[in-house]
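Engineer: Per our numbering, residue -13 is the first one in the sequence shown, and the count goes up by one each step.
If you scroll down you'll find the structure; I have some questions about it.
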Amino acid sequence: MTDGGTGRRPGEQPREQGAGQREGRPIRVLVVEDDPVAADAHVMYVGRVPGFVAVGKAHTGAQARRALERTPVDLLLLDLHLPDVHGLQLARSLRAAGHHADVIAVTSARDLAVVREGVSLGVVQYVLKPFTFATLRDRLVRYAEFQAAVGEASGQEEVDRALAALRAPGPAALPKGLSAPTLQRVTGALREAAEGLTAAGVAETVGISRITARRYLEHLVDTGRAARRPLYGQVGRPELVYRWGPGR
């Protein structure tokens, strides 16, 4: 795969320039995400990883196509559920149009058939929602290491090492007592509540206790995926309202 139409192979630079750079410049990332809050968070996440720069964001497939016509891009951070097109359909049309940017797919879907289809379209990694900055950072660093592997392999072991860079380790464990399925349901409830929810509101929506809801909400705040604010005007201590989006 060549780099931005220049004819040069990605990663062709002295090793001391860093795995996350191509010929002395950062890897350029276009964030494609329909949720504006999530898009801003992903742009912020990309900007925090050395060797990467977010060159723009798009909320639809049409916006992504226009952005790619204007700006050289090395990597798409691509939400698969866009309002105007499925992410894999977008990836397929971009390939047909001659765009060669790699893709890290961001999705809540767990259909392995979709994963297999994505491999043939340049999807090099999948990140399942909800995810933390640490998870995305790991995927980006591994992508950069893969791109930095250049030259001719001395044997099978070196080929295996290059491919292994893209293979993520097992998912980071959640705090004791929290489960991924419940976290996904709490996250979904919060994302759909534009004005935010209290722990009691999440408990009612998801079908868990208020104390359990608060634990999941506090985990989202601790990992930077939600923010909280006090709700005044009631007797006693103010109640906390949680809202999806990076902490401020």
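We put the CB at the ideal spot given by N, CA and C, even for glycine.
In chain order, what residues of the same chain lie with their CB nearer than 6 Å to the CB of residue 93, ignoring the 5 residues before and after it?
Structural biologist: Numbered from its first residue, the sequence shown carries residue 93 at position 107. So the list reads 66, once near-sequence residues are dropped.
Engineer: Determine whether the beta carbon atoms of residue 14 and residue 69 lie at a separation below 8 Å.
Structural biologist: Counted from its first residue, the sequence shown places residue 14 at position 28. Counted from its first residue, the sequence shown places residue 69 at position 83. For residue 14 and residue 69, no; Cβs fall outside 8 Å.
Engineer: In whole angstroms, give me the CA-to-CA distance for residue 182 and residue 50.
Structural biologist: On the sequence shown, position 196 is the one that residue 182 refers to. On the sequence shown, position 64 is the one that residue 50 refers to. The straight-line gap from Cα to Cα measures roughly 29 Å.
Engineer: For residue 115 and residue 164, I'd like the C-alpha separation in whole angstroms.
Structural biologist: Here residue 115 refers to the residue found at position 129 when the sequence shown is read from its first residue. Here residue 164 refers to the residue found at position 178 when the sequence shown is read from its first residue. Going by the C-alpha atoms only, they are around 16 Å apart.
Engineer: Could you name the residues that DSSP lists as bridge partners for residue 180?
Structural biologist: Counted from its first residue, the sequence shown places residue 180 at position 194. For residue 180, which the question treats as bridged, DSSP gives no partner whatsoever.
Engineer: Would you call the CB atoms of residue 87 and residue 61 closer than 8 Å?
Structural biologist: Against the sequence shown, residue 87 aligns to sequence position 101. Against the sequence shown, residue 61 aligns to sequence position 75. In contact: residue 87 and residue 61 (Cβ atoms closer than 8 Å).
Engineer: State the DSSP-derived secondary structure class of residue 67, mapped to helix, strand or coil.
Structural biologist: Position 81 of the sequence shown, counting from 1, holds the residue named residue 67. Three-state DSSP puts residue 67 in a strand.
Engineer: Which residues in the same chain as residue 218 place their Cβ atom closer than 6 Å to its Cβ, once the five residues preceding and following it in sequence are excluded?
Structural biologist: Within the sequence shown, numbered from 1, the residue matching residue 218 stands at position 232. 224.
Engineer: Consult DSSP for residue 295 and reduce its assignment to one of helix, strand or coil.
Structural biologist: Nothing can be reported for residue 295: it is not among the residues displayed for the chain, which extend from -13 to 234.
Engineer: Going by Cα to Cα distance, which pick from 126, 168, 43 is closest to residue 21?
Structural biologist: What you label residue 21 is simply residue 35 of the sequence shown in a count that begins at 1. Cα-wise, what sits closest to residue 21 is 43.
Engineer: Out of curiosity, what's the CA-to-CA distance linking residue 243 and residue 41?
Structural biologist: Residue 243 is absent from the model: the chain starts at -13 and stops at 234.
Engineer: Using the rule of at least 16 other Cβ atoms within 10 Å of the residue's Cβ for burial, across every protein chain shown, is residue 91 buried or exposed?
Structural biologist: Here the question's residue 91 lines up with position 105 in the sequence shown. Residue 91 is buried by the Cβ-count criterion.
Engineer: Mind reading off the beta-carbon distance from residue 23 to residue 230? Whole number of angstroms is fine, and I expect it under 8 Å.
Structural biologist: Numbered from 1 along the sequence shown, position 37 holds the residue referred to as residue 23. Numbered from 1 along the sequence shown, position 244 holds the residue referred to as residue 230. Between residue 230 and residue 23 the Cβ distance is about 6 Å, and since that is below 8 Å, they are a contact.
Engineer: In this structure, how does DSSP classify residue 83 when only helix, strand and coil are distinguished?
Structural biologist: One-based indexing of the sequence shown puts residue 83 at position 97. Correct three-state label for residue 83: coil.
Engineer: How would you write the range of the alpha helix (DSSP H) that residue 197 sits in, first residue to last?
Structural biologist: Within the sequence shown, the letter at position 211 stands for residue 197. Per DSSP, residue 197 belongs to the alpha helix (DSSP H) from 196 to 208.
Engineer: Would you report the Cα separation of residue 199 and residue 168, rounded to the nearest angstrom?
Structural biologist: Reading the sequence shown from its first residue, position 213 is the one you call residue 199. Reading the sequence shown from its first residue, position 182 is the one you call residue 168. Approximately 9 Å, taken between the alpha carbons.
Engineer: If you check the beta carbons only, do residue 180 and residue 196 fall under 8 Å apart?
Structural biologist: Translated into positions along the sequence shown, residue 180 becomes position 194. Translated into positions along the sequence shown, residue 196 becomes position 210. Against a cut-off of 8 Å, the Cβ pair of residue 196 and residue 180 comes out as no contact.
Engineer: Hey, how far is the Cα of residue 4 from the Cα of residue 37?
Structural biologist: Indexing the sequence shown from 1 puts residue 4 at position 18. Indexing the sequence shown from 1 puts residue 37 at position 51. At residue 4, the pLDDT of 39 sits below 50, so the modelled position is not reliable and the matter cannot be decided from this model.
Engineer: With C-beta atoms as the reference, is residue 104 less than 8 Å away from residue 74?
Structural biologist: For this step, residue 104 is matched to residue 118 along the sequence shown. For this step, residue 74 is matched to residue 88 along the sequence shown. Going by C-beta atoms, residue 104 is nearer than 8 Å to residue 74.
Engineer: To which residues of the same chain is residue 175 closer than 6 Å at the C-beta, ignoring the five residues directly before and after it?
Structural biologist: Here residue 175 is taken as the residue at index 189 of the sequence shown, counted from 1. So the qualifying residues of the chain are 188, 191, 192.
Engineer: Would residue 129 and residue 113 be called neighbours here (beta carbons separated by less than 8 Å)?
Structural biologist: If you number the sequence shown from 1, residue 129 lands on position 143. If you number the sequence shown from 1, residue 113 lands on position 127. Contact flag unset, no.
Engineer: Residue 188 lies in the alpha helix (DSSP H); which residues open and close that run?
Structural biologist: In the sequence shown, residue 188 corresponds to position 202, counting from 1. Here the alpha helix (DSSP H) through residue 188 covers 185 to 192.
Engineer: Compute the beta-carbon to beta-carbon distance between residue 80 and residue 54, rounded to the nearest angstrom, for a pair I have assumed lies under 8 Å.
Structural biologist: Stepping through the sequence shown from its first residue, residue 80 is reached at position 94. Stepping through the sequence shown from its first residue, residue 54 is reached at position 68. Yes, they are in contact, since the Cβ atoms of residue 80 and residue 54 sit about 7 Å apart, within 8 Å.
Engineer: Counting C-beta neighbours from all protein chains within 10 Å, is the total for residue 216 16 or more, i.e. buried, or is it exposed?
Structural biologist: On the sequence shown, residue 216 is found 230 positions in, with the first residue counted as 1. Residue 216 should be labelled exposed.
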